[in-house]
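Novice: Supplied in structure tokens, the structure appears directly below.
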Amino acid sequence: MKILMLCLGNICRSPLAEGILRKKVTDLNLDWTIDSAGTSAYHAGEAPDPRSQAVAFAHGIDISQQRSRALKPKDFAIFDLILAMDSQNYQDARKMAQGEEQKAKVQLIMNFERPHFNQAVPDPYWDDNGFELVYAMLDRACEALIQQLS
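Take 1 as the starting number for the sequence shown in the UniProt record's numbering and just add one per residue.
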């Protein structure tokens with residue numbers, strides 16, 4: 001299984017999701033590939049936001065070596081699932097997808113925990129207190145994802 005986590009800038013939510021899922025699949029010895037990207041290249045080459053790094057580290061996960069990158073057309077051929085954090089990222093990714101098969105790979109991550117609810121993972125960039133909430137949401141979604149796909 002190859003999974004790409006997707007948010008806007010690839011510095012807050014998707015790096016956390018990548019780190020959380022990578023730790024879970026490593027702990028379970030699953031042979032999965034996990035990566036993350038953004039629908040924009042605003043922060044290309046940058047490390048995750050220090051607040052994302054701090055909340056991940058507090059939960060025993062090191063995401064400091066990740067670097068932001070933009071979603072590329074070739075990602076649709078490489079990854080089995082592209083998991084968007086919110087409806088805007090979902091829509092932007094589906095616009096880039098070529099054909100129905102690629103569009104079907106794009107899903108909202110929280111729908112693994114709460115199917116068809118289409119809940120967004122809020123962007124914590126402007127709210128220092130939002131990072132722990134985002135971590136908790138992504139942790140639950142990643143756990144549900146593993147249960148459904150492994």
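Cβ atoms here follow ideal geometry from the backbone N, Cα and C, with glycine treated the same way. Owing to the predicted nature of the structure, the values given are computational and were not obtained by experimental measurement.
So, using beta-carbon positions, are C12 and Y125 closer together than 8 Å?
Specialist: Cβ distance < 8 Å, so C12 and Y125 count as in contact.
Novice: In the DSSP assignment, what are the bridge partners of V121?
Specialist: In DSSP, V121 forms no bridge with anything.
Novice: Taking the alpha carbon of E132 as the point to measure from, which residue in M1, I20, E113 and N10 has its own alpha carbon closest?
Specialist: With distances taken between Cα atoms, E132 lies closest to I20.
Novice: In or out: L28 buried (at least 16 other Cβ within 10 Å) or exposed?
Specialist: By the neighbour-count rule (16 or more Cβ atoms within 10 Å), L28 is not buried but exposed.
Novice: Could you check the C-alpha separation between M1 and A93 for me, to the nearest Å?
Specialist: So the alpha carbons of these two residues sit roughly 19 Å apart.
Novice: Going by the CB atoms, is the gap between E18 and I34 shorter than 8 Å?
Specialist: Cβ distance < 8 Å, so I34 and E18 count as in contact.
Novice: Consult DSSP for C12 and reduce its assignment to one of helix, strand or coil.
Specialist: In this structure, C12 counts as coil in the three-state DSSP scheme.
Novice: DSSP three-state call for Q66: helix, strand or coil?
Specialist: Note: Q66 maps to coil in three-state DSSP.
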